[in-house]
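Sequence lines, in order, name chains A, B and C. Here the working numbering = 1-based position in the first sequence + 201. Here the working numbering = 1-based position in the second sequence + 201. Here the working numbering = 1-based position in the third sequence + 201. Glycine included, each C-beta is placed from N, C-alpha and C at the ideal position.
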Amino acid sequence: MAWTRKDLVSMQDIEATEIGEVLDTAESMKEIATREIKKVPTLRGKTVVNLFYEASTRTRTSFEIAGKWLSADVINFSASGSSAEKGESFLDTARNIEAMSPDVVVVRHKAAGGPALLARHLRCSVINAGDGAHEHPTQALLDLLTIREKKGHLEGLNVTIVGDITHSRVARSNIYAMRRMGMTVTVAGPPTLIPPACQELGVKVSHRLQHERMTGGFIPSLREYSRVWGLGLDRLQHCRPDVLIMHPGPVNRGIEISPEVADSQYSVILDQVTNGVAVRMAVLYLLAGGKAA
Amino acid sequence: MAWTRKDLVSMQDIEATEIGEVLDTAESMKEIATREIKKVPTLRGKTVVNLFYEASTRTRTSFEIAGKWLSADVINFSASGSSAEKGESFLDTARNIEAMSPDVVVVRHKAAGGPALLARHLRCSVINAGDGAHEHPTQALLDLLTIREKKGHLEGLNVTIVGDITHSRVARSNIYAMRRMGMTVTVAGPPTLIPPACQELGVKVSHRLQHERMTGGFIPSLREYSRVWGLGLDRLQHCRPDVLIMHPGPVNRGIEISPEVADSQYSVILDQVTNGVAVRMAVLYLLAGGKAA
Amino acid sequence: MAWTRKDLVSMQDIEATEIGEVLDTAESMKEIATREIKKVPTLRGKTVVNLFYEASTRTRTSFEIAGKWLSADVINFSASGSSAEKGESFLDTARNIEAMSPDVVVVRHKAAGGPALLARHLRCSVINAGDGAHEHPTQALLDLLTIREKKGHLEGLNVTIVGDITHSRVARSNIYAMRRMGMTVTVAGPPTLIPPACQELGVKVSHRLQHERMTGGFIPSLREYSRVWGLGLDRLQHCRPDVLIMHPGPVNRGIEISPEVADSQYSVILDQVTNGVAVRMAVLYLLAGGKAA
Numbered sequence: 202m203a204w205t206r207k208d209l210v211s212m213q214d215i216e217a218t219e220i221g222e223v224l225d226t227a228e229s230m231k232e233i234a235t236r237e238i239k240k241v242p243t244l245r246g247k248t249v250v251n252l253f254y255e256a257s258t259r260t261r262t263s264f265e266i267a268g269k270w271l272s273a274d275v276i277n278f279s280a281s282g283s284s285a286e287k288g289e290s291f292l293d294t295a296r297n298i299e300a301m302s303p304d305v306v307v308v309r310h311k312a313a314g315g316p317a318l319l320a321r322h323l324r325c326s327v328i329n330a331g332d333g334a335h336e337h338p339t340q341a342l343l344d345l346l347t348i349r350e351k352k353g354h355l356e357g358l359n360v361t362i363v364g365d366i367t368h369s370r371v372a373r374s375n376i377y378a379m380r381r382m383g384m385t386v387t388v389a390g391p392p393t394l395i396p397p398a399c400q401e402l403g404v405k406v407s408h409r410l411q412h413e414r415m416t417g418g419f420i421p422s423l424r425e426y427s428r429v430w431g432l433g434l435d436r437l438q439h440c441r442p443d444v445l446i447m448h449p450g451p452v453n454r455g456i457e458i459s460p461e462v463a464d465s466q467y468s469v470i471l472d473q474v475t476n477g478v479a480v481r482m483a484v485l486y487l488l489a490g491g492k493a494a
Numbered sequence: 202m203a204w205t206r207k208d209l210v211s212m213q214d215i216e217a218t219e220i221g222e223v224l225d226t227a228e229s230m231k232e233i234a235t236r237e238i239k240k241v242p243t244l245r246g247k248t249v250v251n252l253f254y255e256a257s258t259r260t261r262t263s264f265e266i267a268g269k270w271l272s273a274d275v276i277n278f279s280a281s282g283s284s285a286e287k288g289e290s291f292l293d294t295a296r297n298i299e300a301m302s303p304d305v306v307v308v309r310h311k312a313a314g315g316p317a318l319l320a321r322h323l324r325c326s327v328i329n330a331g332d333g334a335h336e337h338p339t340q341a342l343l344d345l346l347t348i349r350e351k352k353g354h355l356e357g358l359n360v361t362i363v364g365d366i367t368h369s370r371v372a373r374s375n376i377y378a379m380r381r382m383g384m385t386v387t388v389a390g391p392p393t394l395i396p397p398a399c400q401e402l403g404v405k406v407s408h409r410l411q412h413e414r415m416t417g418g419f420i421p422s423l424r425e426y427s428r429v430w431g432l433g434l435d436r437l438q439h440c441r442p443d444v445l446i447m448h449p450g451p452v453n454r455g456i457e458i459s460p461e462v463a464d465s466q467y468s469v470i471l472d473q474v475t476n477g478v479a480v481r482m483a484v485l486y487l488l489a490g491g492k493a494a
Numbered sequence: 202m203a204w205t206r207k208d209l210v211s212m213q214d215i216e217a218t219e220i221g222e223v224l225d226t227a228e229s230m231k232e233i234a235t236r237e238i239k240k241v242p243t244l245r246g247k248t249v250v251n252l253f254y255e256a257s258t259r260t261r262t263s264f265e266i267a268g269k270w271l272s273a274d275v276i277n278f279s280a281s282g283s284s285a286e287k288g289e290s291f292l293d294t295a296r297n298i299e300a301m302s303p304d305v306v307v308v309r310h311k312a313a314g315g316p317a318l319l320a321r322h323l324r325c326s327v328i329n330a331g332d333g334a335h336e337h338p339t340q341a342l343l344d345l346l347t348i349r350e351k352k353g354h355l356e357g358l359n360v361t362i363v364g365d366i367t368h369s370r371v372a373r374s375n376i377y378a379m380r381r382m383g384m385t386v387t388v389a390g391p392p393t394l395i396p397p398a399c400q401e402l403g404v405k406v407s408h409r410l411q412h413e414r415m416t417g418g419f420i421p422s423l424r425e426y427s428r429v430w431g432l433g434l435d436r437l438q439h440c441r442p443d444v445l446i447m448h449p450g451p452v453n454r455g456i457e458i459s460p461e462v463a464d465s466q467y468s469v470i471l472d473q474v475t476n477g478v479a480v481r482m483a484v485l486y487l488l489a490g491g492k493a494a
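Written as structure tokens, this is what we have:
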């Protein structure tokens, strides 16, 4: 088994063999969702705490379902209305939760580095479920699972990530993971929203569409953004016939992507959601159940 | 088995045999609540998502308890703080949830027709837990269960529904269901709050109390409403000695109903709550577990 | 078995043998948290409802974990967004919950006496999880468990409770419980925040620090409070070398207690949190599972 980490907080230093193990595990987890009885006793007697400082019903639900299908006890601890509001520090709240003996803490925080801080200080496993504009590792893993499932492999594939790259933790985690798996990554978007350091990560930058209109280098309005960067059927025609259209959700139809594209045969957006549960089952298993295996 | 529907969204087109099957099933479910161990493995490995766009802790709790006693995994997905607030459409949110492979989605929405929309588009079962001023089918079913339990039968019984009928999803579902079971339904309330189409549904309209005071056809205040339409001990004296007093809750004591009536021997308000869990167990079972039976 | 109560609402009239039984039971429960599989079937088929009228994610989580490790079904019923907001009375809400057949209702309420009211009116067991400035019995029990664990006994020990005693439900429950166990209790704090009736409870009052600055008998600011009553390393030097520093959380570092003291070798703050789960398991077991034993 390649997986020996206590935590999953970043894709930056993760090995290709580790990613491979998560994806292989997720594939076998995925089969559980197709059963009449979607439940295995793998994590029975393990406790997973969802510690969410940012509202995210979707991601929290995905982790909650993943935990429950593995028979873990899942506790939702939202920061609103909690001791965090009474002046307690983030680390003190986390240490309090740790004192209740969870096996895994899944943490979403608006501050980049929050999950890494917990991972250093807590003995239990920590999963980063999104920290500010930093990383969102399980989203990258579910994206890779979806691509591998549809294409049969990852190495050598070309991926273009379109939009606000600077503020996207999804983009950042995907860039690390996809580069590690030997994929070619291009980012495209308004120049103001492409981080200067992109090329250091081995990523190509495309400003192809820039000259049409974006001379000022900023986005005057959502309508403007949509006209220049939105993905509609017209732009889809320039893609390969076997292109995959992905989106981490929630989809703002008509802004980043047109309804016709979101619902097209190329769209794998809902496959991503399905694979999200499988990937989170895999990660929970590798972190909390692996020792027993 | 009469039940072959994928969903329960309305009482409008439901058959008497279907209602009968829910009530019979609920009766046997009700026995579980009296056991030392309130738990059966019937829906083990099934996933129920409570998708609530309107706050309703009581109804959500009733469904949650019903699901858990049947050993289902129950996930609460409240719309506040969710992707719904980030611009995602109702149907996209629901499709995302569906992609996580639930067996049943229980939906409450402020818009009439929301649950019907989901029922058409989702492969999983959909239960309407209240949609705007439209319907609230499980409330009607638990009302029928309560009446049948107390009276031994339904056919031929006289029911008077008092209050704001126009905006009441409980009244609407009950009118459909009670008419289907051969009951005589009379509605009574301020004329402004009785829908004109009532008589087309085979419902009698009583404005008996109207002439006392309601000449303007509107309610100047809650105190005024209470004086004219509130159910106190004085009015209870005109009822049959075996009358049942029902209320879907929450009870505003002193407005619609006096404390003396709410706590009287005629009141079956808490029986309704108890039967709510049983009816929801029955519906969950018929939708999610019936295939295996 | 000493425990025959239906409810746990106050430490005022509880017997030393009852406290002893909770602590002994908690000690054996605590061992479960150290297992590979943290789960026993003791309360399988029992239903615990957390009825919280005040936000308290930490205490609610502690009860939720306690219930789940015992295999109970745990339902979180928060008052916000519930029927309580629609004009329903506290007792009606509670009776509604009771009608859903829970075995235990854990209630937190801002009004002193709320849990006692429910205990009188509900057939199911009621646990006070904090009511206004009145009591917080499980906090006192977990404090006693922590002290007994560290000291080997309770009788004859000296405890000083520092701070706002008047508004502290934790202080009040602890004073009752500690006096019952033969401990000597001293309270210290700004005179305005020490209840006059303290001495009737057999508690010593220390105003030692008062004369330094508190001539006005009030606290001009948090900074002022911290300077006079905050526990820093300097004051710790006057304590015995085997002193235990305790805090019910959440800790406002730098106000009541300095970071150096909170993290010192004398601090058992996180032990308290760990013992909180064990004590709540014990109480849930004694109330809901004891009959079967």
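Euclidean distance between Cα positions of residue i and residue j
i                     : j                     : result
residue 403 (chain A) : residue 386 (chain A) : 8 Å
residue 222 (chain C) : residue 228 (chain C) : 10 Å
residue 365 (chain C) : residue 455 (chain A) : 57 Å
residue 212 (chain C) : residue 322 (chain C) : 20 Å
residue 300 (chain B) : residue 325 (chain A) : 30 Å
residue 206 (chain A) : residue 302 (chain B) : 29 Å
residue 479 (chain C) : residue 441 (chain C) : 28 Å
residue 426 (chain B) : residue 250 (chain B) : 38 Å
residue 273 (chain C) : residue 247 (chain C) : 5 Å
residue 293 (chain B) : residue 291 (chain C) : 38 Å
residue 354 (chain A) : residue 226 (chain A) : 16 Å
residue 399 (chain A) : residue 437 (chain A) : 25 Å
residue 356 (chain C) : residue 378 (chain C) : 11 Å
residue 298 (chain A) : residue 447 (chain C) : 17 Å
residue 252 (chain A) : residue 319 (chain C) : 31 Å
residue 415 (chain C) : residue 488 (chain A) : Unreliable positioning characterises residue 415 (chain C) in this predicted model, as indicated by a pLDDT of 46, which lies under 50. A coordinate reading is not provided.
residue 494 (chain A) : residue 244 (chain A) : Confidence is the limiting factor: at residue 494 (chain A) the pLDDT is only 38, short of 50, which leaves the residue's position unreliable and the question unanswerable from this model.
residue 204 (chain B) : residue 216 (chain B) : 10 Å
residue 465 (chain C) : residue 444 (chain C) : 11 Å
Contact test: residue i Cβ vs the ligand ZN heavy atom, cutoff 7 Å
i                     : result
residue 439 (chain C) : For the ligand ZN, the structure offers nothing, since it holds no ligand at all.
Local Cβ density within 10 Å of residue i, reported as buried at 16 or more and exposed below that
i                     : result
residue 423 (chain C) : exposed
residue 396 (chain A) : buried
residue 374 (chain B) : buried
residue 256 (chain C) : buried
residue 242 (chain C) : exposed
residue 236 (chain A) : exposed
residue 439 (chain C) : exposed
residue 238 (chain C) : exposed
residue 279 (chain C) : buried
Anticipated Cβ contact below 8 Å, residue i with residue j, distance rounded
i                     : j                     : result
residue 459 (chain B) : residue 433 (chain B) : 4 Å
residue 389 (chain B) : residue 429 (chain B) : Not confirmed; about 11 Å, so no contact.
residue 230 (chain B) : residue 483 (chain B) : 5 Å
residue 486 (chain A) : residue 271 (chain A) : 6 Å
residue 527 (chain A) : residue 334 (chain A) : Because chain A spans 202 through 494 in this model, residue 527 (chain A) falls outside it and cannot be assessed.
residue 453 (chain A) : residue 347 (chain A) : Contact doesn't hold; Cβ gap of about 20 Å is too wide.
residue 360 (chain B) : residue 449 (chain B) : Not quite, the Cβ-Cβ distance comes to about 13 Å (not below 8 Å), so this is no contact.
residue 451 (chain B) : residue 288 (chain C) : 7 Å
For the pair the stretch 337-354 of chain B and the stretch 453-473 of chain A, tell me if three or more CB-CB distances fall below 8 Å. no
At least three beta-carbon pairs within less than 8 Å, the stretch 263-270 of chain C to the stretch 317-334 of chain A: no
Within the stretch 277-315 of chain C, note down every full beta strand (DSSP E) run reaching 3 residues or more, in order along the chain. 305-310
Contained beta strand (DSSP E) runs [length at least 3] in the stretch 310-359 of chain B, N- to C-terminal order: 326-332
Every unbroken alpha helix (DSSP H) within the stretch 441-486 of chain A, with a cutoff of 4 residues, ordered by chain: 460-463 and 470-485
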